[in-house]
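Be aware that the sequence shown starts at 1324, since it is given in the numbering used here, and climbs by one per residue. Note that beta-carbon positions come from the ideal geometry of N, C-alpha and C, so glycine has one too. Just so it is clear, the structure is predicted and the values come from calculations on it, not from any experiment.
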Amino acid sequence: MDLSSLSLAKNEIKEELKTADSLAAIENLRVKFLGKNGVLKRLTAELASLSVEDKKQVGLVINEIKQEVETGLALATEQLSTQHKADSLEDFVKTLPGKKPEIGHLHVTTQAIREIVEVFKPLGFTRVRHPEIDWEYYAFEALNIPATHPARDEWETFFIDAPVDPKMSRQVITPHTSNGQIREMLKGDLPIRMLNISRCGRRQSDISHNPTFFQFEGLVVDKGINISHLKGVLNYFAKNFYGPDRQIRLRPYDFRFTEPSFEIDISCGICGGVGCKLCKGGWLELGGAGMVHPNVLIAGGVDPTQYSGFAFGWGVERVYMMKSGTRIDDIRHLLGNDLKFLEQF
Ligand code: PHE
């Protein structure tokens, strides 16, 4: 071992330190140079064979090399950690849009209800709410529907298992929104332009019936109200809800609480009223309507010699499903809670 070969080794070590580009490489170099069997240990051991004079000089150089290695490794470690910080900052792109949490939206039936309310608003109809569980009296009796009527059968209507009131009879899940007619009139505030939208219940379940569904009930009571007012309002609804080219027609029917009574049909949106696969005869059935029966006015505390009125009560889901483009092929999907279905609306 002489001085010139040592200084050559020193330069090589310096170069090698520059290649330390990972924590593992730094550790390897530390072991190689400073470890128990490392280069520096070996060089120090060799000092023993040198003369006193050489020992001094060579020992100095070995010390220099040791310091060189130590500072070199420290520098490499520091560089690596600043590099790491810079890299992780690069990953953070400030202009990249964030991930938004998913938010829900209104149920399609609620959307339909809001749309219906908006259509009737300009005509002066105000949305009201009446009980969804009510006495048989308001749901049937006061509406001129006698106890023997099939609608009051156990298999048609949901009766509540609760004590019976001698005057009001049993409690029911309202099978329609028409109980609201009596309750609205009994407020004693005339004239009336009511839109009662509530949940109803009937013992039915098939492709076009859910045991629970919504109806919207219109009631107008004023002096001089006649069938042309009924026709005008329903025509307005049809054109504003379905489209300006749609027509309605009145078909004679029978309800106990209206006289005369009608089923309201709307011209088919597919064939324009000529007749097609969907509608068969060119018309689709919207729901019931009629002129308020005098007995119903009396039950509501309204004098039928002074006032007259009309009413209509239609299913929210049914009416909405008949809009072109909704493509709901089974009313039961609406309460199925399948997000794949609900997210479409
Ligand atoms: N209540 C009737 C039904 O549920 C609809 C209706 C309401 C008919 C108002 C006439 C007047 O079928």
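query                                                                                                                                                                      : result
Comparing C-alpha positions only, which one of Ile1468, Leu1412, Arg1516, Arg1452 sits nearest to Glu1459?                                                                 : Ile1468
Between the stretch 1623-1635 and the stretch 1648-1667, can you find at least three pairs of beta-carbon atoms closer than 8 Å?                                           : no
Nearest by alpha-carbon distance to Phe1578: which of Phe1664, Glu1338, Val1615 is it?                                                                                     : Val1615
Could I get the ranges of all uninterrupted alpha helix (DSSP H) runs contained in the stretch 1596-1648, with 4 residues as the minimum, in chain order?                  : 1617-1622, 1639-1644
Closest by CA to Arg1437, which one among Ile1456, Glu1455, Val1487, Phe1539?                                                                                              : Phe1539
Terminal residues of the continuous alpha helix (DSSP H) containing Phe1443?                                                                                               : 1431-1443
Can you list, in chain order, the residues of its chain with a C-beta nearer than 6 Å to that of Arg1475? Leave out the 5 residues immediately preceding and following it. : Phe1463
Taking contact to mean 3 or more Cβ pairs, one atom from each stretch, closer than 8 Å, check whether the stretch 1334-1352 and the stretch 1391-1410 are in contact.      : yes
Find the nearest neighbour of Cys1591 within the set Gly1604, Glu1582, Pro1583, judged by alpha-carbon distance.                                                           : Gly1604
Between Asp1457 and Asn1519, which are expected to be in contact by the criterion C-beta below 8 Å, what is the C-beta distance as a whole number of angstroms?            : Actually they do not touch by this definition, with Cβ atoms about 12 Å apart.
Work out the CA separation of Gly1395 and Asp1410 for me, nearest whole Å.                                                                                                 : 22 Å
Please determine, among Phe1448, Asn1386, Trp1606, the residue with the shortest C-alpha to C-alpha distance to Cys1594.                                                   : Trp1606
For the ligand PHE, is there any heavy atom lying closer than 7 Å to the beta carbon of Glu1640?                                                                           : no
Suppose the cutoff is 6 Å on Cβ atoms and the five residues either side in sequence are ignored; what does the same chain contact list for Phe1443 look like?              : Leu1518
Is Thr1480 close to the ligand PHE? I mean its beta-carbon at under 7 Å from any heavy atom of the ligand.                                                                 : no
Between which two residues does the alpha helix (DSSP H) carrying Glu1582 extend?                                                                                          : That residue, Glu1582, is in no alpha helix (DSSP H); its beta strand (DSSP E) goes 1581-1590.
Since I believe Ile1589 is in contact with Leu1609 (beta carbons under 8 Å), could you give me their beta-carbon distance rounded to a whole number of angstroms?          : 5 Å
Taking only the alpha-carbon atoms, compute the straight-line gap between Leu1412 and Glu1393 and give it to the nearest angstrom.                                         : 29 Å
Helix, strand or coil for Tyr1461, going by three-state DSSP, please let me know.                                                                                          : helix
Would you grab the beta carbon distance between Tyr1576 and Gly1611 for me? Rounded to a whole angstrom, and I think it's under 8 Å.                                       : 6 Å
Would DSSP call Gly1541 helix, strand or coil?                                                                                                                             : strand
By a C-beta neighbour count over all protein chains shown, 10 Å radius and 16 as the cutoff for buried, is Leu1331 buried or exposed?                                      : exposed
Which first and last residues belong to the alpha helix (DSSP H) in which Tyr1559 is found?                                                                                : 1550-1564
Check whether the Cβ atoms of Phe1537 and Thr1471 sit closer than 8 Å, and answer yes or no.                                                                               : no
Decide if Val1639 is buried, meaning its Cβ has at least 16 other Cβ atoms within 10 Å, or exposed.                                                                        : buried
If we count the other Cβ atoms within 10 Å of its Cβ and call it buried at 16 or more, is Glu1507 buried or exposed?                                                       : buried
Taking 7 Å as the cut-off, is the CB of Phe1578 close to at least one heavy atom of the ligand PHE?                                                                        : yes
Tell me which residues share the same chain as Arg1522 and place their Cβ nearer than 7 Å to its Cβ, disregarding the 5 neighbours each side in the sequence.              : Glu1455, Thr1535, Phe1537
Quick one, are the C-beta atoms of Val1416 and Leu1326 less than 8 Å apart?                                                                                                : no
Inspect the beta-carbon positions of Asn1558 and Ile1654 and report whether they are closer than 8 Å.                                                                      : no
Give me the Cα-Cα distance between Met1644 and Asn1563, rounded to the nearest whole angstrom.                                                                             : 16 Å
Quick one: does the C-beta of Met1610 sit closer than 7 Å to a heavy atom of the ligand PHE?                                                                               : Before going further, note that residue 1610 is Gly rather than Met in the sequence given. Yes, since a heavy atom of the ligand PHE falls inside the 7 Å radius drawn around the Cβ of Gly1610.
Tell me whether Val1362 sits in a helix, a strand or coil according to DSSP, three-state version.                                                                          : helix
In the DSSP output, which residue or residues are listed as bridge partners for Asp1377?                                                                                   : Asp1377 pairs with nothing; no bridge assigned.
Rounded to the nearest angstrom, what separates Gly1427 and Glu1666 at their Cα positions?                                                                                 : 9 Å
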